[in-house]
Ligand SMILES: [Zn+2]
C-alpha cells in the first residue's frame, strides 16, 4: 500500500465514482423523492426521500454531485446551500415522527460558497442540523462515499455510526486551503493532505469512523448488496439499542477528551 | 514592550496594530506608575473607521469603542469580562484544559507556545461563572489574540463542560464569540467540536435554560456553524463581521463584487439571523435585563 493521502483525495473526487443517487437506486427499493425545505427552495445538491431498506421503511438523504459536466453544474457540484441542509433537517424530523431510521450518504467538498447562501444563513442552517441530529430519537447512519468536506459534511454526519469508503476523505479544511494558509502555496496540497490525517484509515484509527467499506468491487452489484446487508444489520442493532440519544452524545463527547 | 491595539478586522485589511490592553505582566505595571510612563504607554491611535487620531486611553476609557464614531475595536476576553461582570464576581473554570497536538501537525506545538506567550492566555476561550447586574450565570468569552479564537479540542471541551455545568446547576449561559472557525491544526478533532458543543447546548436547552450569545467581530466558520448560532437569543456588536465562509473566499468563488454591508451584523439583523445589535456600552444592562426576564418562569 503505497497510496498517499493525496491519492485518496484525488480518488474521492473522481468523476467516475458512484454518487449519492447511485447508492439510493442500487441499495433501496420504492424510493420516493421528497422535495424542498418548506422555507425557500429545493436544493438539487441534496436528494432525500423515503424508501425501503431490505423491507424496512427508512428516510434516506444523499448529497448528489452528478456525473456529467451538465449534471454537476445542475447539482451545484454537490455543495449544499442552506436550503439543502434545511431539507435534510425537515426529512430527519419527519423520520423521527414516523420512527424511521435515517441513512445519509455524504459527498461534498463543502457547503455552498456564495452571497445568497450566506445571506440565507448557511452557518445557522448547519448549526441547527448539528443540534437537531444530536437529539434525534431514531438511528442515524452516515456513509461518507467520497469527499467529507468540513462542516458541510458534518451537517449530515452527526450519526450513531459513521462509515467511510476506503478512499473517502474527511477533513476540517481542503488540503489546498490548508496549504495556502500554511505555506501560501496551494500546490503543496499533497503535503497538507498528509498532515491533515484525512484518510478513512486515519479517521478509523482516531475513532471518527467505525468502519471502512472496501472499494474492491465499487459500483458493482456485490458491492451494493454487501452495503445493503450491512446497513440493514446495523439499523436493526441500533433500533434495539436503548438510550440511543445518550450514546450518540457520548460518541461525540469523547472526541478530544481523552488527551485533555 | 510596546503596547498594541487591535483594530477592526475586515477582509483584506491588516489585523493587529497595537494591543494596548494586554494583561499586566508584573506589580509595576499593575500598580500606579509615574506620569512619564503613562505618556509612553498612551500613544495616539487612528480609528480605522473615522480616521480620527486620539490617545489610546480615551478609547480604552470608552470600553474600546471609538469616542468619535462608535467603532468597536476588537477586545480581549479578560477585558470584556471586566466590562461585563459585576466586580470580583468572575470565577474562572476549566483553565487547566489546554490544547494538545493530536495530529503532530507541523509547527503547531511551537505556534501554541508563541501565541500563549503573546496573548497571556492558554486557550482561545475563557470560561467561568459570573454575576451580571446581580444575575448569576455561566460565561464564556472567546479570545481573539489566541489563534484568532479558533476552535480546537480544548476550546470545544471547555465550552462543553461549561454547558454541562450550567445544565447541572440550572444556570443560564452567556457567550461572546469571536473566531476564525475550526482550528486546522487539529484536523477532525476540531471539526468534531462543532457537534460536541451543539450536543451540550441541546442538553442545556432541554432543561429549559437560557443561552444568550453575543457575536463579535469576526464570528465565522465552524463557530458560526455551531454554538454561535444556537443561542435562544442572539445579539451582535455594531459592525461585526458575521458569516460562515470568509468574505474573500466568497468573492474569489463568485468572481463578483460583494454587496454593500455583506456579512455585517446589520445585514444579519436585516436577514433575520440576529435578534438585536447592542453596542458595547449597553451590553451589561441589556444582558442583565434579559437574564432577569428569564427568572421566575413556570418551568
Ligand atoms: Zn472612529
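Residue numbers (this note's numbering), protein chains in the order written: chain A, 1 to 260; chain B, 1001 to 1299.
Glycine included, each C-beta is placed from N, C-alpha and C at the ideal position.
Any non-hydrogen atom of ligand 1 closer than 7 Å to residue i Cβ
i, result
"residue 1170 of chain B", "no"
"residue 84 of chain A", "no"
"residue 1064 of chain B", "no"
"residue 1072 of chain B", "no"
"residue 1049 of chain B", "yes"
"residue 1313 of chain B", "Past the boundaries of the shown model lies residue 1313 of chain B; chain B is included only from 1001 to 1299, so the question cannot be answered."
"residue 38 of chain A", "no"
"residue 1052 of chain B", "yes"
Residue i versus residue j: straight-line alpha-carbon distance, rounded
i, j, result
"residue 1242 of chain B", "residue 115 of chain A", "13 Å"
"residue 1035 of chain B", "residue 86 of chain A", "Model confidence at residue 1035 of chain B stands at a pLDDT of 39, short of 50, so the residue's coordinates are unreliable; what they give is reported in the following sentence. Taking the straight line from one Cα to the other gives about 60 Å."
"residue 1031 of chain B", "residue 1147 of chain B", "Interpretation of residue 1031 of chain B is limited by its pLDDT of 40, a score under 50 that renders its predicted location unreliable; the figure taken from the coordinates is listed afterwards. Going from the Cα of residue 1031 of chain B to the Cα of residue 1147 of chain B covers about 29 Å."
"residue 1235 of chain B", "residue 1118 of chain B", "29 Å"
"residue 1276 of chain B", "residue 1174 of chain B", "15 Å"
"residue 1279 of chain B", "residue 1240 of chain B", "11 Å"
"residue 163 of chain A", "residue 184 of chain A", "33 Å"
"residue 1209 of chain B", "residue 192 of chain A", "42 Å"
"residue 1164 of chain B", "residue 92 of chain A", "26 Å"
"residue 9 of chain A", "residue 145 of chain A", "12 Å"
"residue 1265 of chain B", "residue 1218 of chain B", "10 Å"
"residue 1037 of chain B", "residue 1202 of chain B", "Low per-residue confidence applies at residue 1037 of chain B: pLDDT is 41, beneath 50, and the placement is therefore not dependable, though the value from the model is reported in the following sentence. Each residue's Cα considered, the two are about 50 Å apart."
"residue 221 of chain A", "residue 17 of chain A", "14 Å"
"residue 1289 of chain B", "residue 1204 of chain B", "21 Å"
"residue 1085 of chain B", "residue 198 of chain A", "42 Å"
"residue 1238 of chain B", "residue 235 of chain A", "48 Å"
"residue 1015 of chain B", "residue 67 of chain A", "For residue 1015 of chain B, the predicted structure reports a pLDDT of 40, less than 50, and the residue's modelled location is therefore unreliable. The matter cannot be settled from this model."
"residue 1050 of chain B", "residue 1281 of chain B", "19 Å"
"residue 206 of chain A", "residue 212 of chain A", "13 Å"
"residue 107 of chain A", "residue 62 of chain A", "8 Å"
"residue 1046 of chain B", "residue 1052 of chain B", "5 Å"
"residue 180 of chain A", "residue 1222 of chain B", "19 Å"
"residue 122 of chain A", "residue 1177 of chain B", "17 Å"
"residue 1285 of chain B", "residue 112 of chain A", "38 Å"
"residue 1107 of chain B", "residue 1127 of chain B", "27 Å"
"residue 1007 of chain B", "residue 1212 of chain B", "Any reading at residue 1007 of chain B must be qualified, since the residue scores a pLDDT of 38, below 50, and its modelled position is unreliable; no value is offered."
"residue 1132 of chain B", "residue 1058 of chain B", "25 Å"
"residue 251 of chain A", "residue 1162 of chain B", "19 Å"
"residue 1232 of chain B", "residue 1268 of chain B", "16 Å"
Residues bridged to residue i [DSSP beta-bridge criterion]
i, result
"residue 104 of chain A", "A:61, A:142"
"residue 1055 of chain B", "B:1044"
"residue 1091 of chain B", "B:1129"
"residue 1136 of chain B", "B:1131"
"residue 53 of chain A", "A:56"
"residue 164 of chain A", "A:144, A:212"
"residue 1234 of chain B", "B:1213"
"residue 1065 of chain B", "B:1072"
"residue 1142 of chain B", "B:1125"
Selection from the options that minimises the alpha carbon distance to residue i
i, options, result
"residue 60 of chain A", "A:252, A:74, A:142", "A:142"
"residue 139 of chain A", "A:89, A:49, A:239, A:30", "A:239"
"residue 172 of chain A", "B:1169, B:1150, B:1178", "B:1150"
"residue 1153 of chain B", "B:1098, B:1262, B:1062", "B:1098"
"residue 1063 of chain B", "B:1076, B:1052, B:1053", "B:1076"
"residue 148 of chain A", "A:208, A:95, A:131, A:217", "A:208"
"residue 1296 of chain B", "B:1122, B:1171, B:1055, B:1058", "B:1171"
"residue 28 of chain A", "A:241, A:232, A:120, A:98", "A:232"
"residue 1159 of chain B", "B:1103, B:1123, B:1272", "B:1123"
"residue 1245 of chain B", "B:1262, B:1233, B:1232", "B:1262"
"residue 54 of chain A", "A:257, A:230, A:245", "A:230"
"residue 47 of chain A", "A:15, A:83, A:40, A:12", "A:83"
"residue 2 of chain A", "A:71, A:194, A:217", "A:194"
"residue 150 of chain A", "A:80, A:70, A:216, A:41", "A:80"
"residue 7 of chain A", "A:217, A:200, A:241, A:246", "A:200"
"residue 64 of chain A", "A:43, A:256, A:58, A:51", "A:43"
"residue 104 of chain A", "A:24, A:216, A:251, A:244", "A:24"
"residue 1061 of chain B", "B:1052, B:1048, B:1042", "B:1042"
"residue 110 of chain A", "A:98, A:77, A:102, A:94", "A:77"
"residue 1156 of chain B", "A:253, A:159, A:243, A:50", "A:253"
"residue 1283 of chain B", "B:1072, B:1067, B:1048", "B:1072"
Residue i at chain C interface by Cβ criterion, 8 Å
i, result
"residue 1241 of chain B", "The structure shown has no chain C; the protein chains it does contain are A and B."
Quiz item: Three or more C-beta pairs closer than 8 Å, one from the segment 1093-1103 of chain B and one from the segment 1237-1252 of chain B: is that the case here?
Solution: no
Quiz item: Is it true that the segment 122-134 of chain A meets the segment 1227-1243 of chain B, where meeting means three or more beta-carbon pairs spaced less than 8 Å apart?
Solution: yes
Self-check item: Three or more C-beta pairs below 8 Å linking the segment 172-186 of chain A and the segment 222-239 of chain A
Solution: no
Self-check item: Stretch-stretch touch, CB-based, cutoff 8 Å, three pairs: the segment 186-203 of chain A with the segment 26-38 of chain A
Solution: no
Quiz item: Counting Cβ pairs closer than 8 Å, one from the segment 1132-1151 of chain B and one from the segment 128-144 of chain A, do we hit at least three?
Solution: no
Practice problem: Could you tell me whether the segment 151-168 of chain A touches the segment 1185-1194 of chain B, using the rule of 3 or more Cβ pairs below 8 Å? | Solution: yes
Quiz item: Any contact of the segment 1108-1117 of chain B with the segment 1129-1144 of chain B, i.e. 3+ C-beta pairs under 8 Å?
Solution: no
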